[in-house]
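So the structure is just underneath, and the comments pick up after that.
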DNA sequence: TGCAATTGGTAAGACACTCTGTCTATAATG
DNA sequence: CATTATAGACAGAGTGTCTTACCAATTGCA
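Chains as they are written, first to last, in my numbering: chain A, 1 to 151; chain B, 152 to 302.
And the structure:
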């Protein structure tokens, strides 16, 4: 019967169903980034590239968007700064604050990650059907927004 | 349109769309487990409860199912053993191997986690519509199986 | 206007989870 | 029986997260 193993229901909890494809995706994206000359970029850095504003963002705002502590965000930013993906400069408008900004190299990573993610999405479309993949995305967006709104 | 913020496309990559709900789910499940007297159970332990066989499993098999190294799995099992969720005994059929088995307490956790996950799934059904939630699950299962089969 | 509370960020330390590399003992195979 | 493969243990490291405590700048209010 051509198809692989089947699983008892307990192995396909919602958690597993969300986590497994996320892992596959992350491996693809960060693996290809590493091979393309950005080996220091790790999955945890994703939130920085995702939430950073073009004019630069403050650490505390990035932390809030990513839902981690500002110390954790500072740690991520530090690593990215050390490897030349972002710059950190005093905020002219607030003496306490700093602005984190992508460098050209950082923007390359941002663009490439976006491209890779879309590539994987298209591959999955070929795998399960483009319509199904589009529906899956739409439903995930719906859920995402509903959860974000609820807090 | 009553709804809150909207997001640029770059903030709703497939990665974010899969990861965000997973985080919410994990927080709910492991938070409620902690409050119910199982505070040592952490998201990483999920794979043990998910893949362990009723007759017990070997560490190496759990590691393979979870797609982590046997050292990492041994570490997780050790913690669970220390807190009475599993027992580890020599495998009568193989002098090198050990069998990891759930204790009664471990089975409680397994059942409770399953119940909690289903509870959250129903809640999300109320949030985005039961039909949509059912479709979402079906599509995720489809993708999960397709990815598992491809390796 | 001046002081108290708030806010942005840092420092230090801890812990959880993952990996690589190495090792021993047992099993399987020629 | 000799070799190779397998199950697991041990040691060490790196990463990403948290908590607690702190400092310095800003805000706001009495």
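Where is the CB? At the ideal position from N, CA and C, for every residue including glycine. Computed from a predicted structure; not experimentally measured.
With a 10 Å radius around the Cβ and a threshold of 16 neighbouring Cβ atoms, residue 247 of chain B comes out exposed. Annotation for residue 246 of chain B: no alpha helix (DSSP H) segment contains it, though the beta strand (DSSP E) segment containing it runs 245–253. With respect to chain A, the C-beta atom of residue 215 of chain B has no partner C-beta closer than 8 Å.
Segment contact: the segment 97–113 of chain A against the segment 42–53 of chain A, three or more CB-CB distances shorter than 8 Å; contact assigned. Against residue 119 of chain A, chain B offers no close residue; the least beta-carbon distance is about 11 Å (beta-carbon pairs closer than 7 Å).
For secondary structure counted as the alpha helix (DSSP H) over 4 or more consecutive residues, the segment 43–127 of chain A holds these complete runs in sequence order: 46–51, 59–66, 70–82. From the beta-carbon of residue 11 of chain A, the residues of chain B found nearer than 8 Å are 201, 202. Contact annotation: the segment 162–174 of chain B touches the segment 8–25 of chain A, with at least three C-beta pairs closer than 8 Å. With contacts defined as CB atoms closer than 8 Å, residue 210 of chain B and residue 237 of chain B fail to qualify as a contacting pair.
Straight through space, the alpha carbons of residue 282 of chain B and residue 133 of chain A are spaced by roughly 17 Å. Nearest Cα to residue 249 of chain B within the set B:221, B:176, B:301, B:162: B:221. Under the three-state reduction of DSSP output, residue 21 of chain A falls in the helix class. Going by DSSP, residue 12 of chain A is part of no alpha helix (DSSP H) at all; its letter is neither H nor E. Annotation: Cβ neighbours of residue 128 of chain A in chain B (cutoff 8 Å, chain order): 290, 293, 294, 297.
Our two residues, residue 11 of chain A and residue 79 of chain A, have alpha carbons roughly 36 Å apart in a direct line.
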